[in-house]
Every structure is written in structure tokens, then in C-alpha cells.
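Here is the structure we will look at.
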Amino acid sequence: MVGRIPILNVMPVVDLGRQPAKATVGEPMPVSATVFREGHDKLGAEVVATDPAGVRRDPVLLRKHPERPDHYEAWLTPDLEGAWTFEVQAWSDPIGTWQHAAGLKIPAGVDVELMFTEGRLLFEKVKEGITEAHDKEVLEGAIAAAQDTERPVEARLAALQSPELTRLLAAHPVRELVTIEGPYRLYADRQRALFGAWYEFFPRSEGAYVDEKTGKVVSGTFRTAVKRLDYAADLGFDIVYLPPIHPIGEVNRKGPNNTLSPGPDDPGSPWAIGSKDGGHDAIHPDLGTWEDFDAFVAHAQGLGLEIALDLALQAAPDHPWVESHPEWFTTRADGTIAYAENPPKKYQDIYPVNFDNDPTGICREVLRIVKLWMSHGVRIFRVDNPHTKPVAFWEWLLREIRRTDPDVLFLAEAFTRPAMMSTLGSIGYHQSYTYFTWRTAKWEIEDYLRELSHHTDHVMRPNFFVNTPDILHESLQYGGPAMFKIRAVLAATGSPSWGVYSGYELYEHVAVRPGSEEYLDSEKYQIRVRDWDGAAAEGRTLAPYIKGLNQVRRQHPALQLLRNVTIHSADDENVLVFSKRAGDDIVVVVINLDPHGTRETTVHLNMPALGLGWHDSITVYDEITEQTWSWKEHNYVRLDPGHEPAHILSVRKP
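Take 129 as the starting number for the sequence shown in the working numbering and just add one per residue.
Spelled out as C-alpha cells, the structure:
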């Protein structure tokens, strides 16, 4: 039902208010509504938030948008983790109505004394709620001027239009016909839910070596993989993500490059979980023991890193579940259990779980597994293919975990339809993989940055992974080292969360075959022995560049936020320009998207979006090259991908 003062289209509201909008501690969050009324009288609007402790915070004034009729907006910044609510309140504004009318009528000689009398009565009403002595004096002066017929009319009106009185009246509005919409829900997560740099590696490859006597590859362990933790921390990463570390099935095991003919020493895919050595609640014996894992986690924590673990709810044919709970899988007409498929891909080494046969049993088991790993220091889970499981299951699981452990975070690896991706976000996933990998043209990137930062931000937080064990985009296959820089800059600055799968810094770019996005000799199916030290010694690594990007991200609060992207323009269709702003911290990013050619063009800045006047001059400092320039609205740039394809410019106001 429409209220006395109509308040419509309140945002952010998720699923008609059934789910909370996404918020993060310290992250400004836009609240908006359409507010209007009949006639010409003025109105006011504000948003009132209630924090997780039940304390109603001071109202925040909703301001009318200069270009969108009847659209009001404000920004809330939660400072506590937990469940918040907010209301939008609107009211008839008799003071604003009087100020508008008086400014027109009194100079025109219309109802002069009546207007002064009405003003005086309003000022007296405001005075009743004032406690500050100085404010009372200001109001008393205005009341005196309103009724002092000995003064010239112009002087009396000027006294009632003084900036000091105007500010005072704005701070103490008279509210009539108050209308309230809400409360609406939002949930403020810890800051790592929004901002962080992820580094993914396979523990079995770290410290692995080829035995000189047998020629066999010897698996790395948690003890040897500690060196990669030190490396990740030095590069400025916040989270180390591990693919599944459980026992790997032997039945239908995959060989190198996803072949169906493995050799006796082929390790198989970590996502084919379960064997005679255990299932999701066990550690692969080649990697070590629970004691080794605990020491690995402790070492990471000592470096300021968090460990994220893959949660892949599927089973190898020899997983203990297959024997103990065959009802958890789908039996086909010929009596066999259905393996996973994503046509034309087939995963003969994996049985998907059927959540409809015994949902209670499956839910109980998954909750047990998640809490087991939580008890060993894992507070972040990267969930494999969540879009292939029922949404209702995830809603239940994430609600149960949040109820007892709200600091635990879940990242959805959901490369799927937009409706599913946004729904997974709305029911509790903290972050999501995105279509970033496939957004390569300037217009695609611009549209996607706008979408993620301004249209879906209340339901989904993006994580821009530049590559994954599954995805080697053709741009990296053929773009050379310059493209690796381009995508790294774009990911690290375009999203507050970004990720790198190990090998990216070594420019690994060869696909298993033309037209494929699978790596040749994919680490999913075999152990990779990389010469990290040799690459560093010979300068064949992007690691120092990535380290610099992570340093810039930590230094600039603007790069740690999602909702602050502004797209600017450049004359060249291969040059992308956008900015991010957090208070006085302003960063402008200019990227040549063409890895093969130098681009010279003019960049056009939206100066008001930077908090500047159109004709202001600014000093910009390039965080990559450490050069400084003087810029204005229109600026010449030259970006040579063979040298440096991007500018990350911190703005210094005049």
C-alpha cells in the first residue's frame, strides 16, 4: 500500500526483502528510493540504519539526484559485522516549502507580512527542539527579523536567507506526514569478503622433483609446499587457495591431458575425490598427515595469509560414499551410476551427488565435513561448480555456517547463467567467479565494470581470476607477455578481489590443442615441476610486476572498493580508461588492450567524477613507472605494450 508520501523502488532490496543485501564493514553502500508527493510542497527523505546490536544510528539525509526526477540517494557505511536493517523515511518539509515560496513572493510584494508570519511560526517550532545556546541565538535573531516591521523588507528577508540560518534549518527539519518504508535487510561481512588477492597452487607440485634413478616424479608435500607460502606472502597475496587435497580415486583415473589411459604412476585429478584411503574428510597420503596440514596452515597464518580450500561435492567411483551411501548418486537404467558430464566433456572419474535421494543425510554429512576443515583453520572455501547443486541446499548450508561462524567465507566457482550466479550470491555466497576471462574488447569490459559495480553489487561480489587450471583464454595463448600484464592490471584494479593460478607469472600459455582453453600438460592431471628459481634468475617471470600491483592495491583504499567505478573515454577503441575514488584517494587506470601495437590517443576525464572542476589541473603519479605528469580534462597518452601497456595513476589535487 502506498504511504502518504509515496516511497517506491527502494534499493538495495534482494528477493523482495527475503534475503539481505550485500554489505562489507567499511564499504560505502548506496541506498536509494523514488520519493514524491502531490502538488508543489517540498519534501525531505532520509535513511535510518539499525546495527547488529539493535542500536538505531543517526539518520543520513537522502539527497535528490540532480538529473533523475524524484530519485533520492545516500550512502551508508556499516562499521560492525552482522545483520543490519534500514528504513527510508520521507516527510512533508514545511520549512523547505516556506523558503521556496518566500524567495519568490516577498521580492514580488505578494503576501509579504503573511510570509514573514508563517516563517516566524516555523522558526519558533524549530527552536523548541534546540538545546545549543548559539543555535537558539540564531533562531531568535531570525524570529526578530521576521516580525520587525521597522526594518526594510529586503533586510528582513536577507536575515532569513543567511547561510548560517539555512544550515541550521537543514540540520533540524520540521517533519510532517512522516512516511516509513522498511525495514529492509543487509548483512555486513568482514573486509576479506570484499578485498583480497588470491594465489592458487597445487601442493603436490610444490617441492616435487624427478627422481634421477627411477625417472619418476616424486610428489611435493605440505612440508615442501611451505616455500610457496613464503613466495605468495612476499608477492602481497592475502589468500592461498588449494585445489582438493583429499585421496584421489583409482577407478577410471585420468591420465595426462585428460586421457583415459593413465600409467601406473599417474596421480589423477584432485577433483576425483575419494579412494580406499578416505574421502572428503581425509588427506591424500602423498601430501602428508593432519599434523603436516596443521603446520602448513599455521605457517600461512604467521605470514598473514589465509588458506582457502576447495569444496567439491562429488565422488570418485571408489569413494567410501559409493559403498556406504549408494543412494546419494544417480543410478541409470542399466544399473550403472551416472558419471559427471558437461557435454561434450565427460568426467568418467567423477560421480555427481544426487541431492534429492537423501537430502537430510547429505546435508548432515556436508556440514560435518565443512566444520571439520574449519576446525583445522580453514575459514575460506572455494566451492567447485555450485551451480550444479540445488540452490536450496546452499541456502541451508551457508545459513548454518553463518549462524555459528559468520567469519567463514565462500567463493562460488560458477561460470554459468546470470540468474544462477546472482541467486547464489543472494542466498549467501560471499564472492563469485565471473565472466571477466571472456571480456576482452573495450566495450565489453566497460559494460561489465558498470554492471558489477553499480547493478549487481547488492547481490554479488566479483573475483577476477586471470586464469584457472581450467581456463587458458585465447588472449593469453596469443597475446605474449604484454597480454599477461594487461590482464593482471585490469583484474587487480578493476575488482577489489582478484586471483592468479600459479604458472601465470611464468607466462604459461600453450593450449592442449588449437581452439581449446585447456592447458597442455594440465596440472589437473599431472604434477608440474617448475623451475621457479631459474625463471627468477633469468628474468622470465612476471612475479615482480604482480608484487607491485598488490602493493598499489594495499596503498590505495580506492582500489579496495567495488561500488566506485567511473568509466572515462579515450579516442582509441583499444584504450580503456576508468577511475576509482575513495574520499581524497583517486586512482585513474589507463590500459592499452592491444598487446601487439603501440597506441597514441587522447584521454578524456570526467572531472566532476573525480571531485574536481572541469578546468582544474591535477598532478598524476604513475605507480608503475614512477613518472609524474600534469593532467587536465583532455590528455595525450602513449602506451607501448613492449615496454608498459598501462598507467595506474594516483591523482594529487591542486
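Backbone N, C-alpha and C define an ideal beta-carbon position, used for all residues, glycine too.
{"Asked": "Which of helix, strand or coil DSSP assigns to D143", "Found": "helix"}
{"Asked": "L322 beta carbon less than 8 Å from that of V773", "Found": "Just to set this straight, residue 773 is Pro in the shown sequence, not Val. No, these two residues do not count as a Cβ contact at 8 Å."}
{"Asked": "Under 8 Å between C-beta atoms of L777 and D750", "Found": "yes"}
{"Asked": "Boundaries (first-last residue) of the beta strand (DSSP E) holding E166", "Found": "That residue, E166, is in no beta strand (DSSP E); it is neither H nor E in DSSP."}
{"Asked": "Validate contact between the stretch 178-194 and the stretch 225-242 using beta carbons, cut 8 Å, 3 pairs", "Found": "no"}
{"Asked": "For M243, three-class secondary structure by DSSP", "Found": "helix"}
{"Asked": "Cut-off 6 Å between Cβ atoms - residues of its own chain near T225, not counting five sequence neighbours on either side", "Found": "D169, K170"}
{"Asked": "DSSP state of S623 mapped onto helix, strand, coil", "Found": "coil"}
{"Asked": "K341 to E493 span [Cα, whole Å]", "Found": "44 Å"}
{"Asked": "Unbroken stretches of the alpha helix (DSSP H), 4 residues or longer, contained in the stretch 198-285", "Found": "222-236, 240-256, 261-275"}
{"Asked": "Residues sharing a beta bridge with I529, DSSP", "Found": "Paired residue(s): none; I529 is not in a bridge."}
{"Asked": "Where D659 falls, given that 16 or more other Cβ within 10 Å makes a residue buried", "Found": "exposed"}
{"Asked": "C-beta contact flag for G791 and R589 at 8 Å", "Found": "The requested residue 791 does not occur in the structure, where the chain is confined to residues 129 to 782."}
{"Asked": "Closest residue to R196 among A161, A230, S220, W219 (Cα-Cα distance)", "Found": "A161"}
{"Asked": "beta-carbon F164 near the ligand GDP non-hydrogen atom, thresh 7 Å", "Found": "As far as ligands go, the structure on display features none, and thus does not contain the ligand GDP."}
{"Asked": "Unbroken beta strand (DSSP E) run spanning A805, endpoints", "Found": "Nothing can be reported for residue 805, as the shown portion of the chain is limited to 129 through 782."}
{"Asked": "Close beta carbons around D422, own chain, < 8 Å, minus the five adjacent residues each side", "Found": "H504, G505"}
{"Asked": "Every unbroken alpha helix (DSSP H) inside the stretch 305-356 [4 residues or more]", "Found": "none"}
{"Asked": "Identity of the residues DSSP links to I376 by a beta bridge", "Found": "I401"}
{"Asked": "Which of helix, strand or coil DSSP assigns to K473", "Found": "strand"}
{"Asked": "Beta bridge counterpart(s) of N591 as assigned by DSSP", "Found": "Y561"}
{"Asked": "Cβ contact check for the stretch 439-450 and the stretch 507-518: 3 or more pairs under 8 Å", "Found": "yes"}
{"Asked": "Residue burial classification, S644 (beta-carbon count within 10 angstroms, cutoff 16)", "Found": "exposed"}
{"Asked": "Separation of L296 from G172, as counted between CA atoms", "Found": "15 Å"}
{"Asked": "Range of the contiguous beta strand (DSSP E) that encloses Y606", "Found": "Taken as a continuous stretch (DSSP letters only), Y606 belongs to no beta strand (DSSP E), being part of the alpha helix (DSSP H) at 602-606."}
{"Asked": "Residue environment, P448, which counts as buried when at least 16 other CB atoms sit within 10 Å", "Found": "buried"}
{"Asked": "Same chain, Cβ closer than 6 Å to L580, neighbours up to 5 away in sequence not counted", "Found": "P590"}
{"Asked": "Limits of the unbroken alpha helix (DSSP H) element including I746", "Found": "Unbroken run through I746 is the beta strand (DSSP E), 746-750; no alpha helix (DSSP H)."}
{"Asked": "Selected residue, minimal CA-CA separation from T459, among P445, A698, I258", "Found": "P445"}
{"Asked": "F538 - partner residues in DSSP beta bridges", "Found": "F509"}
{"Asked": "L285 beta carbon less than 8 Å from that of I223", "Found": "no"}
{"Asked": "E334 versus P392 - alpha carbon distance", "Found": "21 Å"}
{"Asked": "Rounded straight-line distance, which links the Cα of G463 to that of E71", "Found": "There is simply no residue 71 to check, as the chain begins at 129 and stops at 782 in what is shown."}
{"Asked": "Buried or exposed (CB count within 10 angstroms, at least 16 for buried), G432", "Found": "exposed"}
{"Asked": "P487 in three-state terms, based on DSSP", "Found": "helix"}
{"Asked": "Contact check, P311 vs T488, beta carbons under 8 Å", "Found": "no"}
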